[in-house]
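Asker: Protein chains in written order, with this note's numbering: chain A, 1 to 791; chain B, 1001 to 1269.
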Amino acid sequence: MNVYQIPETLPKEIDHLENLIRKFRQGTLNETELKANRVPFGVYEQRQKGTYMVRVRCPGGIITPQQLEAVAEISGKFGSKNLHITTRQEIQIHDVDLNGIISVIRSLYDVGLSSRGGGGNTIRNIMASWDSGIARGEIFDVTPYAVALTERFIAESDSWTLPRKFKISFSNSKQDNAFAAVNDLGFIAEIRDGKPGFRVYVAGGMGRSPQVGQLLHDFIPDDEVYAVARAVKVLFDKYGNRKNRHTARLRFLWQKLGREKFIRLYQKEFAGVKNRKLPPLKLKKFENRARDRFDILPAAENTPEFELWKKRYVRSQKQAGLYAVIIPIQLGILGISEASDFAEFAEHFGENAIRFTPQQNISLRNIPEEYLGNVYRNVRRVTRLADQPLLLGNTIVCAGASTCQLGICRSRDALTALTKKLTGAGIDLDSFADMKVNISGCSNACGQHFLADLGFYGKVGRKNHISYPAYNIVVGAKIGGEEGASLAEKIDEISARNLPEFVAEFLAGYGEKKDRYDSFTSFLQNGGAEDVRSICQRYRPIPDFDEDKNYYFDWGAREVFSLAGRGQGECSAGLFDLIEMDLSEITELKKQLGEAAEEENRAKILYRIMLLASRMLLITRGIEASSDDEVFDAFTRHFIQAKLIDSRFGSVIETAKSGRRARLTAIQEEALALAEAVEALYHSMDDSLRFNTEIKEEKEERGDEATSAEKAEKAEKPHLIRDYRGVSCPMNFVKTKLDLSMMQKDQILEVLLDDGSPIENVPRSVANEGHEVLQQKRIGQYWSVLIRKKV
Amino acid sequence: MISFTDQQLERYSRHIILNNVGIEGQLKIMQGKVLIIGVGGLGSPAALYLAAAGVGTIGIVDADKVDLSNLQRQIIHFTSDLQKTKTQSAFEKMKALNPDVHVNTYHLRVTAENIREIIRDYDFVIDGTDNFPAKFLINDACVMEGIPFSHGGILRFSGQTMTVVPAESACYRCSFPEPPPKNAVPTCAEAGILGVVAGMLGTIQAAEALKYLIKQGSLLTNALLTFDALKMDFRKVALRKRADCPLCGENPTILRLEDIEQAVCELKR
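1. Taking C-beta pairs closer than 8 Å, name the residues in chain A that B/Gly1022 reaches, listed in chain order.
2. Using only the heavy atoms of the ligand GTP, determine whether one of them is closer than 8 Å to the beta carbon of B/His1151.
3. Fully enclosed by the segment 76-150 of chain A, which alpha helix (DSSP H) runs are 4 residues long or longer?
4. Give, in chain order, every unbroken run of the beta strand (DSSP E) that is at least 3 residues long and sits entirely within the segment 158-207 of chain A.
5. Are A/Arg412 and A/Val397 closer than 9 Å when you measure CB to CB?
6. Between A/Ala675 and A/Arg276, what straight-line distance do the alpha-carbon atoms span, to the nearest angstrom?
7. Which residues in chain B have a C-beta closer than 9 Å to the C-beta of A/Pro763? List them in chain order.
8. Give me, in chain order, the residues of the same chain whose beta-carbon lies closer than 7 Å to that of A/Asn732; leave out the 5 immediate sequence neighbours on both sides.
9. Taking A/Val147 as the reference, give the member of A/Glu138, A/Trp254, A/Gly258 and A/Lys285 with the closest Cα.
10. Determine the closest residue to B/Leu1219 out of A/Ser651, A/Lys238, A/Lys35 and A/Glu595, with distance taken between C-alpha atoms.
11. Check the C-beta distance from A/Cys442 over to A/Gly458 and give it rounded, since I have them as a contact under 8 Å.
12. Starting from B/Ser1013, find everything on chain A with Cβ-Cβ shorter than 8 Å and list it in chain order.
13. Give the list of continuous alpha helix (DSSP H) stretches no shorter than 4 residues that lie fully inside the segment 488-539 of chain A.
14. By the three-class DSSP mapping on this structure, what secondary structure does A/Tyr471 have?
15. By alpha-carbon positions, which one of A/Lys463, A/Gly481 and A/Gln592 ends up nearest to A/Asp546?
16. Would a check of beta-carbon distances place A/Gln641 closer than 9 Å to chain B?
17. Report the option in A/Phe553, A/Ile748 and A/Lys311 whose CA atom is closest to the CA atom of A/Ile408.
18. Quick check on this structure: which residue in A/Glu8, A/Ile154 and A/Gly350 has the alpha carbon closest to the alpha carbon of A/Ala229?
19. Judging by CA-CA distance, which residue of A/Ile491, A/Asn550, A/Phe502 and A/Ile542 is the nearest neighbour of A/Leu524?
20. Classify A/Asn37 as helix, strand or coil using the three-state DSSP reduction.
21. Quick one: does B/Ser1218 have its CB under 9 Å from some CB of chain A?
22. With distances taken Cα to Cα, identify the nearest neighbour of A/Ala634 among A/Val382, A/Lys643 and A/Leu618.
23. Can you confirm whether the segment 16-24 of chain A touches the segment 67-78 of chain A when touching is taken to mean that 3 or more C-beta pairs between the two stretches lie within less than 8 Å?
24. Please report whether the beta-carbon of B/Phe1004 lies at a distance below 9 Å from any beta-carbon of chain A.
25. Residues in the same chain with beta-carbon distance under 8 Å from A/Asn183, minus the five sequence neighbours each way, listed in chain order, please.
26. A/Ser495 to A/Ile542, Cα distance in whole Å?
27. Run the CB neighbour count on A/Pro858, radius 10 Å, all protein chains shown included, and call it buried at 16 or more, exposed below.
28. Using a Cβ cut-off of 9 Å (strictly closer), state whether B/Glu1010 contacts chain A.
29. List the whole-angstrom C-beta distance separating A/Ile362 from A/Tyr323, where the pair is believed to meet the contact cut-off of C-beta under 8 Å.
30. With respect to the alpha helix (DSSP H) encompassing A/Phe345, which residues constitute its N-terminal and C-terminal limits?
31. Checking the sheet assignment: what are the DSSP bridge partners for B/Val1125?
32. Taking Cβ-Cβ distances shorter than 8 Å, what residues in chain A pair up with B/Asn1019?
33. Are any of the Cβ atoms in chain B nearer than 9 Å to that of A/Ser171?
34. Which of helix, strand or coil does DSSP assign to A/His683?
35. Going along chain A, which residues have a C-beta under 7 Å from B/Ala1236?
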């Protein structure tokens, strides 16, 4: 059985990717172009250059035992010894080299799996409640919808060229265990007047500026799922911000348009899609019943461990006599031999037996009671957590600074330390089985700290100029229930060193009072929050470096905590922390400067201030300078020449760069003024890393279609129109400059440019020179750009 | 009115796309006039780069013929040019590189008599000579005519250069009032010169000329840039315009040009 139907076009697309990889290897294609095609295929380059990760689509977390076995085999052949289960219920193959990518993708295709849309600006894996179809309290099985919508969407070519990623999820009840309320589009099962349907949320998402989903439909009948999804996709495709990936997700469109306008535009699309009378989704049934015949004998188990395990991990299904188990997989890392061993065993329970859960665990279903002993034995071979409490098995943690370029703290190692602490603390962890403790290494939400009861995300602490690893503490996420979702909120912070003690103390305290509250939320509201703060208060003073160096080493680290080597990855993780850190060091240095008498010392401090001031915002431009000179050069190029910072600072930068630091004391005021200018610029920056001046440009450039069209008609009649289609970079820019040089200030030039590098480069370059880009409008395969001559 | 042919737009596109050059800057380059005195080690790269950049008029002054010993560093001259005058040899290369450029040749040695006449037609002068009398003569003449120039000198593995904007910045005599005593300083032929050092310095001088034409950045004025290619150390030493400079000070004592006697090295240059 294949879980989902793969479109007929896929083999051709695989051939195309193969061709690109060949060209790349021959040196006729650059890395960026390959990347643009590789990532939407779910192939990411890993931290180690030249090795890749392939993310396999598993709608609703479903994979057949045969497919799982094949994935393990493929990984053994072309990748690493470990597979990785993701929080979007997918599975990943790691450490594939360039030559292996196509082999992996073709082998996956042979068993009905695809990695298309695993990454990039695409329809990502569509989630569904892991217990859908079997849960006792569920409204109905949502699995068929997740699978059918997947089949439809992966066959539509516009699914691969969206403004940004697009995440969809289906939950089988208000409990919302598939987090529909924090996806771009979420469906929560509901029955009204005897008819199955969904409550629909839109524009939710996590990351650095998270937002819970907004109600789009109170109820839609189930035969409108496709129309709703299609309409939202078209809306996103049409109006999403393609220019700035940091404000590209659907939630930013919601924020920009406002509820009313968003809904109005959506309704237009929705009506349009419905008018086209597209066929409704083709729903397949996913059977949940015991197999008729077993070729293994029930294994009797009656140890206390087995009984405890049943209590922790086994749930009875709504199908009488059948059970489902959760198999906790530490960090989602599943060895290939364990995977294939487990897959072979899972075949006994049918093709529909396996689900990946958002907690990066595996669930096995449709088990008759007498076979639970067999399952227990197998589970103990698959995971080391088999005999650990659910609290530990459910904990989500991101890769962290040990492997992630963006990470600040080593979250995985923190979890290991926490686990060790908790298992030896004499706390009845089983009484917290329904609690979620999640840890992210930085402010990106890969560790889903926003969805936790008790969550942590890494930050930089600092004492006496020395930084140490620390975590922000967030509490009280509410997902599911009647009142709508809310995310966990920051309440305090703790050093990484004290995190395990903090959790142990907090749980011990909560455990004592637990019976008095009907939920964790009500505990928090009635004194729990104060408990957190008072524990933090006690741990607040951390020892000096010389007193106890342990605080300055992250868990599992051999070197003193430092942010050196962190990279600019795909997103802006930890970025604000980093900027703030430089900024606070500048403030500190300014103080020191006032106290420093010695000339030489003052010069040193001034140099450091200038270096930090030049460096602190480079990261917003995706630049990672590796030497002081590079910092100054990059700052000159991207801030002074880009006219974000006054050009008069060019000379003080030159002086700093010249290596004659002694001179800096003579121009101290200028150096400090530079730091202030940079700080002012930083404060004008918005969440998506744009500065005041840039925002203004963008506002004028975009806005909604109607007003910019009106504007163009009224005031923006071009003085000159030039057609530079077919003119390649940089000649199109050269010619544009020539045109502008012949025009008067404030006159308007319209240039027609090709899609691709011309539209990506020319307007930006023109704007860099101080002209105003009034509008960029796509017209079929090309663009019209309006430029107002400014200088 | 600005007029660029499509070919010019393409030829100079990498200049034009620079924010600091642009159409206007390139136009200034194309209207610019630069005189290069000496088409040897320094003058060769300067002449080639300025021709490539499209400097409208380039004058080249040299009295010598191409010698086999020149070819190790004077890259504008080829083996096939031996015994040609350096001005003719350079003229041919510059025109071949960029036919747009107008090249004036002066097959002569600059003297107190002729120099003011020659430099008067130019916006900027590059000193590519190899002896002190010529360097002082050029400094004095340029200050008197008010024409900015780039001084350059090279020896073994090192070079030095400064830019003088008369009346505004320190002149060569502000720091070195008199030529060194005869034979106190070895000439290139005696001391030897790593060929590329000439290239490094000549291109810096050409860069100064271009910056002067387009009026961008800051010139190497009131400073002496020295470098040692052996260690690849670059240093900038600050200089001051002196009120008591015998040439450009408040009470100048040098009021007219004079040729200074100096026995240049006996070896062939």
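The beta carbon of each residue, even a glycine, is placed where N, CA and C say it ideally should be.
Answerer: Working from what's here:
1. Lys737, Ser741 and Glu769
2. Looking for the ligand GTP in the displayed structure turns up nothing, as the structure carries no ligands at all.
3. With a minimum length of 4 residues, the unbroken runs of alpha helix (DSSP H) contained wholly in the segment 76-150 of chain A fall at 100-110.
4. 168-171, 185-192 and 195-202
5. yes
6. 59 Å
7. None at all; the shortest Cβ gap to chain B is about 14 Å.
8. Tyr724, Leu753, Pro758 and Val762
9. A/Lys285
10. A/Ser651
11. 5 Å
12. Pro730, Met731 and Val734
13. 499-513, 520-523 and 529-539
14. strand
15. The residue with the shortest Cα to Cα distance from A/Asp546 is A/Lys463.
16. yes
17. A/Phe553
18. Nearest to A/Ala229 by C-alpha distance, out of A/Glu8, A/Ile154 and A/Gly350, is A/Ile154.
19. A/Ile491
20. helix
21. yes
22. A/Ala634 has its Cα closest to that of A/Leu618, out of A/Val382, A/Lys643 and A/Leu618.
23. no
24. yes
25. Met127, Lys167, Ile168, Ser169, Tyr201, Gly204, Gly205 and Gly213
26. Roughly 8 Å separates the two Cα atoms.
27. What the structure shows of chain A is the stretch from 1 to 791, and residue 858 of chain A is not part of that stretch, so it cannot be assessed.
28. yes
29. Not quite, the Cβ-Cβ distance comes to about 15 Å (not below 8 Å), so this is no contact.
30. Ile336 to Ala346
31. B/Leu1035 and B/Phe1149
32. Contact note: B/Asn1019 reaches chain A through Gln641, Asn768 and Glu769, using a C-beta cutoff of 8 Å and chain order.
33. no
34. helix
35. In the sequence under discussion, the amino acid at residue 1236 of chain B is Lys, which differs from the Ala named in the question. What B/Lys1236 touches in chain A: Ser658.
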